[in-house]
Structures are given as structure tokens and as C-alpha cells.
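Working notes, structure below.
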Amino acid sequence: MSTTSSSADGSINDGQYQYNDYHRYTCINFVDWETETNHQTFDVGFYNDKIRTTMVSTESVADQWIENVYSSFATHIENNNLVVGLDIEWLRLRETSQRNEVAVLQLCLAHQCLIFLFFGLFGRSKKLQKLPVPESLAYFLNDERITFVGAGIDQDARKLWVDHGLTVARSEELADLADYTLRRTDLYRAGLKSLMWKVLGEDLSKRRWITLSRWDNEILSDDQVEYACLDAYASFRLGIELMPPAPFNRYPQEDIKKPPKETNQDQGVKAINQPSPRR
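Residues 13 to 291 (the working numbering) make up the sequence shown, in order.
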């Protein structure tokens with residue numbers, strides 16, 4: 013168990029909140045690094061909120077995180093009333109003629125975030141390669157009782173299907189929800205940053221150099237962890253704010269399985285009896 017973390021840029025986080033130089037409303041605190049399961053835990057701050065964030069590429073930890081969701085939110089799931097923020101990251105800049113695959117999946121609900129890495133050091137060669145996808149993760153995404161929300165989520169779902177064979181069974185586009193719920197046509201094509209400001213009055217930092225950074229690594233920098241977490245958390249917050257009482261499935265599985273379109277758009281709840289997270 014480690015008490016310090018080393019970022020990809022070589023900096024050391026000593027366990028204190030690291031307030032970034034670009035945005036005063038966000039911060040990140042390294043909590044723990046479990047070497048046996050190779051997963052790291054952080055607390056990411058956004059305004060007055062703290063999100064416990066788990067970065068992982070191993071099946072056992074992903075299984076545990078998802079099992080905890082099913083046990084903690086059993087009533088919400090049974091009532092088809094669980095909202096989860098979803099986002100993905102991949103290397104935007106191509107190094108070959110081939111399209112880069114999804115490298116990171118972020119899931120967030122309440123004040124919990126899972127950052128799953130699809131690439132890592134695997135086997136005796138210890139070369140960076142695609143890792144096996146946990147069955148629990150595939151089951152979770154394909155659970156029709158859960159509504160996944162995000163900015164550009166239809167494209168994200170299609171990329172997940174094409175790149176990793178993962179099906180997002182039930183999804184809602186945040187811009188469409190804002191247009192429908194608030195009757196504001198100016199939000200129909202809004203990105204995550206714009207929606208956060210116009211709907212919740214909160215400024216979500218979207219630093220382009222992080223968006224374009226290398227996501228296909230076995231470990232992410234603190235800046236990448238913070239960025240990835242807040243995208244999913246912002247999606248969750250907007251989802252519970254905008255979700256109608258009886259959400260419907262807008263994207264049949266047949267549509268999700270269509271080839272994705274390349275997009276560099278701005279990636280980016282009122283919760284019904286949502287339990288307060290333990291801080």
C-alpha cells in the first residue's frame with residue numbers, strides 16, 4: 013500500500029489536495045494504491061462535492077465496484093430509477109490510418125466514480141495491449157433497468173460496441189433531455205461544458221491538451237483522472253437534474269451497434285429519493 017502517487021508527468025502527489033492552476037473549483041487528492049490489484053483511489057473535488065474515484069484495469073476490482081452499486085442502489089434498480097453518468101476517452105490524434113479504440117470508460121453515480129482502463133501491461137511480455145473486459149461490466153452496461161446519460165452518448169455507445177463489444181442497453185442524451193425538460197431549443201446541441209453552465213451554473217474545465225493527451229496507457233496522470241472523473245460526474249449531475257419521472261429508451265440496441273462516426277465534440281440529477289452519499 014502506497015502513500016504517494018507518481019503522475020505521468022513525473023510529479024508527486026503527497027496525499028494533499030492538489031488544486032490545479034487552471035481552475036479553482038477542482039482539486040484531486042491521492043488516497044491509496046493497492047499494488048496487488050493494481051488499482052488507485054482518489055478523491056476528486058468539484059466545488060463543494062467530493063467524488064471517490066477508483067482507477068482500475070483488473071476484473072476483481074471492477075466486479076467489486078459494480079457489486080457495490082447493485083447492493084447499495086437495489087431499490088432504484090428494481091424501480092428502473094437508477095441514473096449513471098457515462099463518458100469515454102480515446103487517443104484523438106491518429107498515429108496510423110486506423111481509428112484509435114476507446115481506451116477509458118468512466119461511470120459515475122452519487123459520489124462514486126469508476127475509471128476503467130481497457131489497455132495495460134498484460135502477460136509475460138509486459139507490453140501495452142488490450143485487456144480482457146470484465147463480464148460484470150458488460151452485464152452492468154447491458155442492464156435495461158439502468159439509464160446511462162452523457163453528452164454525445166449515442167456515439168460513445170456505438171464506439172464501445174465496435175471497439176469492445178459492449179452494449180449500452182438504455183441511454184439518454186443530455187442535450188436532448190435539456191431541450192425536452194427545460195423547453196430550451198438552444199441547448200439541443202450543447203456540449204457538456206455548456207450544459208453545466210447553463211443548467212447548473214457551474215463551470216466545468218475542459219482543457220484541450222488533456223482531451224488530446226494519451227489515454228491508451230496503463231496508468232493515467234492526476235490531471236487525466238480529474239478530467240475523466242468530472243466528465244462522468246457532470247453527466248450524472250445533469251442526468252438527475254433533467255431526467256423525466258418515467259425515462260424511456262431512445263436508442264434500441266440495433267442502432268447502438270451501427271459503426272460510430274468520428275467526433276471531437278465537447279464531451280462532456282433531479283434524483284428521486286436518491287440516498288445521500290457518505291462523505
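Just so it is clear, CB atoms sit at the ideal spot from N, CA and C, and this is done for glycine as well.
These figures come from a predicted structure and were not determined experimentally.
ask   = At what residues does the alpha helix (DSSP H) containing Ile78 begin and finish?
value = 71 to 84
ask   = First and last residue of the beta strand (DSSP E) that includes Leu140?
value = 139 to 142
key: For Gly251, the three-state DSSP class (helix, strand or coil)   = Note: Gly251 maps to helix in three-state DSSP.
inquiry  = Rounded to whole angstroms, what is the Cα-Cα separation between Ala240 and Gln110?
reply    = 24 Å
ask   = If you run the structure through DSSP and keep just helix, strand and coil, what is Thr179?
value = coil
ask   = Can you tell me where the alpha helix (DSSP H) with Lys205 in it begins and where it stops?
value = That run of the alpha helix (DSSP H) goes 204 to 207.
query = DSSP three-state call for Val174: helix, strand or coil?
reply = Here DSSP, grouped into helix, strand and coil, assigns Val174 to helix.
query = According to DSSP, is Ile89 helix, strand or coil?
reply = helix
message = Looking at Glu56: is its Cβ nearer than 8 Å to the Cβ of Thr65?
response = Checking the sequence, you will find Val at residue 56 rather than Glu. It is a contact, given that the beta carbons lie within the stated cut-off.
task = Can you tell me which of Glu48, Thr49, Phe54 puts its alpha carbon nearest to the alpha carbon of Phe42?
result = Phe54
key: Under 8 Å between C-beta atoms of Ala86 and Glu101   = no
key: Separation of Gln118 from Leu129, as counted between CA atoms   = 9 Å
key: Same chain, Cβ closer than 6 Å to Glu156, five either side skipped, listed in chain order   = Ala181, Arg182
inquiry  = Taking only three categories from DSSP, how would you classify Val211?
reply    = helix
key: beta strand (DSSP E) segment containing Trp45, residue limits   = 38 to 46
ask   = Counting only beta-carbon atoms, is Lys210 nearer than 8 Å to chain C?
value = Note that chain C does not occur in the displayed structure, where there is just one protein chain.
ask   = Between Val174 and the ligand NAD, is the CB less than 7 Å from at least one heavy atom?
value = With respect to the ligand NAD, the structure shown offers nothing to examine, as it has no ligands at all.
request  = Check whether the Cβ atoms of Ser247 and Ala163 lie closer than 8 Å to each other.
outcome  = yes
inquiry  = Quick check on the burial criterion: 16 or more other C-beta atoms within 10 angstroms. Buried or exposed for Thr159?
reply    = Counting the other Cβ atoms within 10 Å of the Cβ of Thr159 gives 16 or more, which makes it buried.
request  = Report yes or no: do three or more beta-carbon pairs, one from the segment 219 to 227 and one from the segment 198 to 208, lie closer than 8 Å?
outcome  = no
ask   = If you draw a straight line from the alpha carbon of Leu172 to that of Leu98, how long is it in whole angstroms?
value = 11 Å
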